[in-house]
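So the sequence shown is numbered by the numbering used here: it starts at 40 and just counts up by one. All C-beta atoms, glycine included, are put in the ideal place defined by N, C-alpha and C.
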Amino acid sequence: MKFLSTFLALLIPLFSISQVTVSFKKAPIELGKDYRNGQTINGDNYTFPLNTFSAQFDSVNKNALITLGEWVNPGVPKKNAFIFLFKLETEEVLWATKHNLKNEENHLYPGFLMQRKDGITASIDYISGNTQWEIDNPIHEIDLDLKIGLSLVQEKGYASIKEYIQGIDLSNGQVVWTRDFPYLYNYEKTHAFGENEFMLELSGLHVLNLLSGKGWDYDAVTSHKVSTGSGSYTLKGISSNVIFEENDILFASKTDLAALDYDGNVIWKVALDQDYISESSIVLRGEDEVLLLNKGFALKGSEKVKFGIPYLASYNRKTGAKNYSYIITKSREFVNTHQIRDNKLLIFFDDRVTICDLDKGEKVEEYSYDLNQEGYFKYVLDDRAWIQKDDNTFINLRGSYKDKEFLFSEKSQVVGLNSKMEISGKYTIEELYFSFLEFDDYQFIYGADKVFIVDQQGKAMAELHFDDQPHLVGNVLYEVRPRGIAALDLTKLMQKQPTNLVSKPNMYGKPIREWFDIPGLEE
Numbered sequence: 040m041k042f043l044s045t046f047l048a049l050l051i052p053l054f055s056i057s058q059v060t061v062s063f064k065k066a067p068i069e070l071g072k073d074y075r076n077g078q079t080i081n082g083d084n085y086t087f088p089l090n091t092f093s094a095q096f097d098s099v100n101k102n103a104l105i106t107l108g109e110w111v112n113p114g115v116p117k118k119n120a121f122i123f124l125f126k127l128e129t130e131e132v133l134w135a136t137k138h139n140l141k142n143e144e145n146h147l148y149p150g151f152l153m154q155r156k157d158g159i160t161a162s163i164d165y166i167s168g169n170t171q172w173e174i175d176n177p178i179h180e181i182d183l184d185l186k187i188g189l190s191l192v193q194e195k196g197y198a199s200i201k202e203y204i205q206g207i208d209l210s211n212g213q214v215v216w217t218r219d220f221p222y223l224y225n226y227e228k229t230h231a232f233g234e235n236e237f238m239l240e241l242s243g244l245h246v247l248n249l250l251s252g253k254g255w256d257y258d259a260v261t262s263h264k265v266s267t268g269s270g271s272y273t274l275k276g277i278s279s280n281v282i283f284e285e286n287d288i289l290f291a292s293k294t295d296l297a298a299l300d301y302d303g304n305v306i307w308k309v310a311l312d313q314d315y316i317s318e319s320s321i322v323l324r325g326e327d328e329v330l331l332l333n334k335g336f337a338l339k340g341s342e343k344v345k346f347g348i349p350y351l352a353s354y355n356r357k358t359g360a361k362n363y364s365y366i367i368t369k370s371r372e373f374v375n376t377h378q379i380r381d382n383k384l385l386i387f388f389d390d391r392v393t394i395c396d397l398d399k400g401e402k403v404e405e406y407s408y409d410l411n412q413e414g415y416f417k418y419v420l421d422d423r424a425w426i427q428k429d430d431n432t433f434i435n436l437r438g439s440y441k442d443k444e445f446l447f448s449e450k451s452q453v454v455g456l457n458s459k460m461e462i463s464g465k466y467t468i469e470e471l472y473f474s475f476l477e478f479d480d481y482q483f484i485y486g487a488d489k490v491f492i493v494d495q496q497g498k499a500m501a502e503l504h505f506d507d508q509p510h511l512v513g514n515v516l517y518e519v520r521p522r523g524i525a526a527l528d529l530t531k532l533m534q535k536q537p538t539n540l541v542s543k544p545n546m547y548g549k550p551i552r553e554w555f556d557i558p559g560l561e562e
């Protein structure tokens, strides 16, 4: 990266902390090249006097919460640092304060800042940086429209644990309602559900109104206790994803596959085989069929543990009647990832892919792979992956090779499999680019410490020098740099107001499910 030498950097006072004046330099910076006219692309660079440890962006209010500090050794920060809220449009610091990297966490939301420090949760005034209120318990979910937070609480007595959820008024920290909830350690995730409501996956499905705490419960077994010679532990995650349809909700637990209406009433429920069931995935096939793939594992903390047996089952969508059930393998191993192609299900184990015919409910083909060469396949790559064809032309892997499957492997490479499941192409992670932003017919793709903007034909219109995937705030891209942030206004680059920018998740591929362990919740 080169600073443009024809401009003088502006030295702007920033704030004063503990009698130490901190300032930043703003200067124009060359951020890439526009292939349409051969001109350089210029942006702004904000250089801070300390290392930029992190930055969180509020794209609604166009602010950034920036953490600055110093390194003791490379990769080892000093204990104390500084945080400040930076108004990006006006380059104004709203407030700044000291920050302890070891025992303090700050989470920036649109117009709201929450801090967790020494077991205390605090609301920090967004404009002044002053503490508004404090509570002893953590807040795990928030709704900014209703200004309600959910706090999962465990009170440990002499011989028992009392567990409940509280609704917290985010404007003052007061408890609005309390609702008893046993087995909080089974908390997995939360879904938005109707007006003013959340659904919790927590030993079943539970809907609660954020304003009153009232709602309905569908209790289900989603864990398994294992006894050992020295005690016991609990395996979690023995359940499926949740499918929300227009008239019903589908969910599989350790014991049953069920369809519920939106008031929590059971429409139908069928028992699952207790000797086989584990973490599972359900998917709708057409209008009349529900497929269940049992994956053969449960979770011990965040670690996958062999549990149950992989099998495939098909059920009638309207009644729950079983169409077929097929044991894929009787060995204790688990499914890494899977993909449906036409009427076939591709199931990837560590060393092979098993293909099942979804009409017949049976295995029709199986192919083995050399683990020493490929490593096991972790997940199927989605349509965000691109490779560079020549200097300024790129192709989308899934869009260009519709007859292939692309899988990310344990050895950080992408392997292409043709229709016969033969290896047909390999790409290292350094060769891949991933789209993270769309605008009209353009894709913004990131990889190899660069960002390219490509059209529908894959031709690059511009190259941007970003070492990391930038953050979109309004129409401006911001990149966090070792000692500051760089900014590029897309309005100037795209030569019109980009009103339909669409951000994509920042990941190479999306896992089938994500699990969240909540600190402080125990059996």
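- M533 carries a helical assignment under DSSP once its states are collapsed to helix, strand and coil.
- Distance from the CA of V99 to the CA of A231, rounded to the nearest whole angstrom, comes to 20 Å.
- If the five residues before and after N286 are omitted, its C-beta is found closer than 6 Å to no C-beta atom of its own chain.
- Comparing alpha-carbon positions, the option among D422, F151, K343 and F387 lying closest to Y408 turns out to be F387.
- Beta-carbon to beta-carbon, K65 and Y85 are separated by about 6 Å, close enough to satisfy the 8 Å threshold.
- For E413, the closest C-alpha among the options S190, I462, T368 and L385 is that of I462.
- DSSP, read as helix, strand or coil, puts S278 in coil.
- For the pair L249 and Y226, the CB atoms are not nearer than the 8 Å cut-off.
- G71 sits close to E502, with the two beta carbons spaced by under 8 Å.
- The straight-line gap separating the alpha-carbon atoms of C395 and K339 is approximately 29 Å.
- Going by DSSP, N304 is part of no alpha helix (DSSP H) at all; its letter is neither H nor E.
- According to the DSSP assignment, N235 belongs to no alpha helix (DSSP H), since it is labelled neither H nor E.
- A direct Cα-to-Cα measurement between S474 and D422 gives close to 9 Å.
- Annotation for I178: M153, T160, G188, L189, S190 and I207 place their beta carbon closer than 8 Å to its own, counting only its chain and skipping 5 residues before and after.
- Secondary-structure assignment with DSSP links G82 through a beta bridge to I68.
- By the C-beta density criterion, K531 is exposed, having fewer than 16 other C-beta atoms within 10 angstroms.
- Bounds of any alpha helix (DSSP H) do not take in G243; it lies within the beta strand (DSSP E) bounded by G243 to N248.
- DSSP, read as helix, strand or coil, puts Y440 in coil.
- When secondary structure is reduced to three states using DSSP, E180 falls in the strand class.
- Only residues of its own chain outside the window of five on either side were considered, and among them D287, I288, L289, V305, I306, W307, K308 and G359 have a CB closer than 8 Å to the CB of A298, listed in chain order.
- Counting along the chain, N76 sits inside no alpha helix (DSSP H), nor does DSSP assign it H or E at all.
- N119 sits in a strand when the DSSP states are folded into three classes.
- DSSP links K156 through a beta bridge to E143 and I159.
- Straight through space, the alpha carbons of W110 and R75 are spaced by roughly 42 Å.
- Per the C-alpha coordinates, the member of F123, A198 and K361 positioned closest to I163 is F123.
- Closest in C-alpha terms to G486, from the list V374, M500, A499 and D506, comes D506.
- Rounded to whole angstroms, the Cβ separation of D327 and K361 is 13 Å, and the two are not in contact under 8 Å.
- If you keep only unbroken beta strand (DSSP E) runs of at least 3 residues inside the region 425-506, you get 432-435, 444-448, 452-456, 462-467, 471-478, 481-486, 489-493 and 499-503.
- From the listed residues L351, G233, E234 and H377, the smallest Cα separation to I367 is found for L351.
- Bounds of any alpha helix (DSSP H) do not take in E318, whose DSSP letter is neither H nor E.
- Under the three-state reduction of DSSP output, L223 falls in the helix class.
- Closest in C-alpha terms to K141, from the list K441, A120 and E130, comes A120.
- Counting along the chain, the unbroken alpha helix (DSSP H) around L410 starts and ends at L410 to E413.
- Taking C-alpha positions only, G303 is separated from G243 by approximately 11 Å.
- Residue environment for L384: buried (at least 16 other C-beta atoms within 10 angstroms of its C-beta).
- Around the C-beta of D479, fewer than 16 other C-beta atoms lie within 10 Å, and the residue is accordingly described as exposed.
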